[in-house]
Amino acid sequence: MKTKQEFQLPKNNLKGFIHQALSWASGFEHFTYFNPNNYTFPHNPFEHILLVGDSLLNISSGSSFENLQQKLTNRSYLAGHFSYDLKNEIEKLMSNNQRLIDSAETSFFKATTIITFRGESIQIETEADPLIILKEIQQSAQDHHPQPSIQFEQLVSKSEYIQTAKKLINHIIEGDIYEINYCIPFLSESCKIDPIQTYLLLCEKYPAPFSVLYKNKNQYVISGSPERFLKKEGNKLISQPIKGTAKRGATNEEDELIKKELRANKKELAENMMIVDLVRNDLARSCKPGSVKVEEMFGIYSFPLWHQMISTVTGLLKPDTDTIQAIKNAFPMGSMTGAPKIKVMELAEQYEITKRGIYSGAIGYIKPNGDFDFNVVIRSLIYDQETETCTFHVGSAITYDSDPASEYDECLLKAKTLISLF
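First residue of the sequence shown? That's -11 in the working numbering, and the numbers climb one at a time after it.
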């Protein structure tokens, strides 16, 4: 039985309280902090909540989605992740590449404390005493350290990237695929970082509507994701794939010109349209016939470093489709695979040099009523505190008319977000 209580925070103290709340939460085995960073977004960004728990759900490998569906009877908030490599459970695929960090393919915990942020007030819902939780948070330290100087090794060189991109373009010419998201890894070893401080810095420099700080035992995901994978609201499913990226301009005039050029760029439009068609097909597997619609096509949304082309696809869930089945039917997300999905996943495994792991998977929450919201894990650091290893991936879509050198530059632009934190 949980107890709810609302508290008013001292004026202009939200930022400091969040730091204290994350410090307090780090004493638990598991927590997930969902931060929309005050964005307005179609169908709303993430809720501003902190979910904390100490015990994982027992989810058997090989039937992860089905096991998770059975756990929804708990009628509690659940939080966790789906790794990209769960594709092997869904389709007849294999992953033999090396892991940079040995993380679970799926992991969810039951939240024993839920803190909801509402402007200058908070609501604490907990199995303990809300007032005691508040006092514990207020007594937690706000540690500040100089950010360490961390060097990331780029595991795929520019020449290797271009060579592989050309091979993938040949697959497109030969008719094997239409589009593929090709990803490359970065690695830092023997590094010590403060995940909380690094995440708060990420939000300060590069705020995003689907950002997350996620702790799973000794591993953290520090995510500045701008992309929603899938949301369920009542009987409505919402997916908002990103395809199309352009660097921000130096002046307002240049910025507006770049936005117009992105909106008119035939290559970017073709990429986005292919993924929208893929998402429509994925949602159609879970939704009532005729209910899947493209609410917005080729919307241009601006973030600190880039403009993104985002489309919104929705559908009405069939009454006989389980909550988690709807996620499984759309996973992994088309924006991180390409089309046709199964073939491009095979080729990604062939040409990429590591497993993706949590990268290009999803992190999110499931409400007691079965509604959920999950992001796409991009623009994200994955940090293992025990092995002192930090990794991230970046990628771009390869199509028939891609210029490999330009695609490589796009990858470096995305990497800049994370490298610049150190």
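All C-beta atoms, glycine included, are put in the ideal place defined by N, C-alpha and C.
Keep in mind it's a predicted model, so treat the numbers as computed, not measured.
From Gln338 to Gln313, what distance separates their C-alpha atoms?
-> Here residue 338 corresponds to residue number 350 of the sequence shown, with the count starting at 1. Here residue 313 corresponds to residue number 325 of the sequence shown, with the count starting at 1. The straight-line gap from Cα to Cα measures roughly 28 angstroms.
contact_flag[the region 104 to 117, the region 30 to 42] where n(CB pairs < 8 angstroms) is 3 or more = With the cut-off at 8 angstroms, the region 104 to 117 and the region 30 to 42 touch.
Using a Cβ-Cβ cut-off of 6 angstroms (strictly less than) and excluding sequence neighbours within five positions of Ile330, which residues of its own chain qualify?
-> Counting from 1 along the sequence shown, the entry for residue 330 is found at position 342. Residues Glu79 of the same chain have their beta carbon placed closer than 6 angstroms to that of Ile330, with the five preceding and five following residues left out of the count.
Thinking just about the alpha-carbon of each residue, which of Lys402, Gly68 and Gly345 is nearest to the one in Asn85?
-> Along the sequence shown, read from residue 1 onward, the residue named residue 85 stands at position 97. Nearest of Lys402, Gly68 and Gly345 to Asn85, Cα basis: Gly345.
4-residue-minimum alpha helix (DSSP H) runs that sit fully inside the region 265 to 318, ordered along the chain | Within the region 265 to 318, the runs of alpha helix (DSSP H) that reach at least 4 residues and sit entirely inside it are, in chain order, 311 to 318.
What residues are listed by DSSP as bridge partners for Trp327?
-> Along the sequence shown, read from residue 1 onward, the residue named residue 327 stands at position 339. Before going further, note that residue 327 is Ala rather than Trp in the sequence given. Ala327 is bridged to Glu167.
Give me whichever residues DSSP pairs with Thr387 in a beta bridge.
-> Looking up residue 387 in the sequence shown gives position 399. Partner(s): none; Thr387 has no beta bridge.
Using only alpha-carbon positions, find the residue among Gln228, Gln207, Val200 and Pro320 that is nearest to Glu283.
-> The sequence position of residue 283 within the sequence shown is 295, counting from 1. If we check each option's Cα against that of Glu283, Gln228 comes out closest.
Does DSSP put Gln338 in a helix, in a strand, or in coil?
-> For the purposes of this step, residue 338 is identified with residue 350 of the sequence shown, where counting begins at 1. Gln338 falls in the helix class under three-state DSSP.
Under 8 angstroms Cβ to Cβ from Asn76, same chain only, skipping five residues before and after it: list those, please.
-> For this step, residue 76 is matched to residue 88 along the sequence shown. Beyond the five residues adjoining it in sequence on each side, Asn76 comes within less than 8 angstroms, by CB distance, of Met82 and Ser83 in the same chain, given in chain order.
Could you give the residue range of the alpha helix (DSSP H) that holds Ser11?
-> Taking the sequence shown and counting its residues from 1, the one referred to as residue 11 is at position 23. Element bounds for Ser11: Leu2 to Ala13.
Based on the DSSP output, what are the partners of Leu66 in its beta bridges?
-> For this step, residue 66 is matched to residue 78 along the sequence shown. Paired residue(s): Lys98 and Ile354.
Per DSSP, Asn23 is paired with what?
-> Working through the sequence shown from its first residue, we reach residue 23 at position 35. Answer is Ser199, bridged to Asn23.
Select from Thr377, Ser128, Cys179 and Asp42 the residue whose C-alpha is nearest the C-alpha of Lys98.
-> Counting from 1 along the sequence shown, the entry for residue 98 is found at position 110. Of Thr377, Ser128, Cys179 and Asp42, the residue nearest in Cα terms is Asp42.
Pair within 8 angstroms by beta-carbon distance, Leu189 and Gln135 | As a working note, residue 189 is residue 201 in the sequence shown. As a working note, residue 135 is residue 147 in the sequence shown. Taking the C-beta atoms as reference points, Gln135 is found nearer than 8 angstroms to Leu189.
From Lys224 to Ser368, what does the alpha carbon distance come to, in whole angstroms?
-> Counted from its first residue, the sequence shown places residue 224 at position 236. Counted from its first residue, the sequence shown places residue 368 at position 380. Their backbone Cα atoms lie some 28 angstroms apart in a straight line.
Kindly indicate which three-state DSSP category Lys146 falls into: helix, strand or coil?
-> Taking the first residue of the sequence shown as position 1, residue 146 is located at position 158. DSSP places Lys146 in the helix class (H, G or I) of the three-state scheme.
Evaluate contact between the region 252 to 261 and the region 195 to 214, counting only Cβ atoms and requiring at least three cross-stretch pairs below 8 angstroms.
-> Touching, no.
Assigned secondary structure, Pro33 (DSSP; H/G/I helix, E/B strand, else coil) = Position 45 of the sequence shown, counted from the start, is the residue given in the question as residue 33. The answer is coil: DSSP assigns Pro33 none of H, G, I, E or B.
Taking Glu124 as the reference, which of Trp12, Glu141 and Tyr170 has the closest Cα?
-> For the purposes of this step, residue 124 is taken as the residue at position 136 of the sequence shown. The shortest C-alpha to C-alpha distance from Glu124 to any of Trp12, Glu141 and Tyr170 is the one to Trp12.
What do you reckon, are the CB atoms on Tyr347 and Gln207 nearer than 8 angstroms?
-> Sequence index remark: in the sequence shown, residue 347 carries index 359 (1-based). Sequence index remark: in the sequence shown, residue 207 carries index 219 (1-based). No, these two residues do not count as a Cβ contact at 8 angstroms.
Span of the alpha helix (DSSP H) around Gly250 | The residue labelled residue 250 in the question sits at position 262 within the sequence shown. At residue 250 the sequence reads Leu, which differs from the Gly that was named. Taken as a continuous stretch (DSSP letters only), the alpha helix (DSSP H) holding Leu250 covers Asn240 to Ala252.
If we count the other Cβ atoms within 10 Å of its Cβ and call it buried at 16 or more, is Leu119 buried or exposed?
-> As a working note, residue 119 is residue 131 in the sequence shown. Here Leu119 is exposed. Its C-beta has fewer than 16 other C-beta atoms within 10 Å.
Grab me the residues of Gln296's own chain with a C-beta within less than 7 angstroms of its C-beta, minus the 5 sequence neighbours each way, in chain order.
-> Here the question's residue 296 lines up with position 308 in the sequence shown. So the qualifying residues of the chain are Pro214, Ile230, Gly232, Thr233 and Tyr289.
Could you check how far apart the C-beta atoms of Phe29 and Ala67 are, in whole angstroms? I think they sit under 8 angstroms.
-> Translated into positions along the sequence shown, residue 29 becomes position 41. Translated into positions along the sequence shown, residue 67 becomes position 79. Between Ala67 and Phe29 the Cβ distance is about 20 angstroms, and since that is not below 8 angstroms, they are no contact.
In angstroms, rounded to a whole number, what distance separates the CA positions of Gly287 and Lys247?
-> Here residue 287 refers to the residue found at position 299 of the sequence shown. Here residue 247 refers to the residue found at position 259 of the sequence shown. Looking at the two C-alpha atoms, the distance is approximately 10 angstroms.
Cβ contact check for the region 47 to 62 and the region 305 to 325: 3 or more pairs under 8 angstroms | Contact check between the region 47 to 62 and the region 305 to 325: three or more CB pairs, one atom from each, fall below 8 angstroms, which counts as touching.
For Leu293, I'd like the list of residues in its chain whose CB is within less than 8 angstroms of its CB, leaving aside the five on either flank, ordered along the chain.
-> On the sequence shown, position 305 is the one that residue 293 refers to. Excluding sequence neighbours, Leu293 sits near Tyr194, Lys235, Arg236, Leu401, Lys404 and Thr405.
Alpha carbon to alpha carbon, how far is Phe22 from Ser279? Give it in angstroms, no decimals.
-> What you label residue 279 is simply residue 291 of the sequence shown in a count that begins at 1. What you label residue 22 is simply residue 34 of the sequence shown in a count that begins at 1. Pairing Ser279 with Phe22, the inter-Cα distance amounts to about 30 angstroms.
If you count every other CB in all the chains shown that lies within 10 Å of the CB of Pro(-2), and 16 or more means buried, which is it?
-> Walking along the sequence shown from the start, residue -2 turns up at place 10. It counts as exposed.
C-alpha gap between Phe19 and Ile184, whole angstroms | On the sequence shown, residue 19 is found 31 positions in, with the first residue counted as 1. On the sequence shown, residue 184 is found 196 positions in, with the first residue counted as 1. Between Phe19 and Ile184, the C-alpha separation is close to 12 angstroms.
May I ask you to report which of helix, strand or coil DSSP gives Gly237?
-> For this step, residue 237 is matched to residue 249 along the sequence shown. If DSSP states are grouped into helix, strand and coil, Gly237 belongs with coil.
Proximity winner among Thr100, Ile181 and Ile89, relative to Leu428 (alpha-carbon distances) | Here the chain has residues from -11 to 410 only, and residue 428 is not among them.
To the nearest angstrom, report how far apart Lys205 and Glu17 are at their CA atoms.
-> The count along the sequence shown starts at 1 and reaches residue 205 at position 217. The count along the sequence shown starts at 1 and reaches residue 17 at position 29. The straight-line gap separating the alpha-carbon atoms of Lys205 and Glu17 is approximately 5 angstroms.
Closest by CA to Ile298, which one among Tyr353, Ile121 and Arg216?
-> Taking the sequence shown and counting its residues from 1, the one referred to as residue 298 is at position 310. Its Cα nearest to that of Ile298, the residue Arg216 stands out among Tyr353, Ile121 and Arg216.
In terms of DSSP beta bridges, what is Arg216 paired with?
-> Here residue 216 refers to the residue found at position 228 when the sequence shown is read from its first residue. In DSSP, Arg216 forms a bridge with Gln228 and Asn363.
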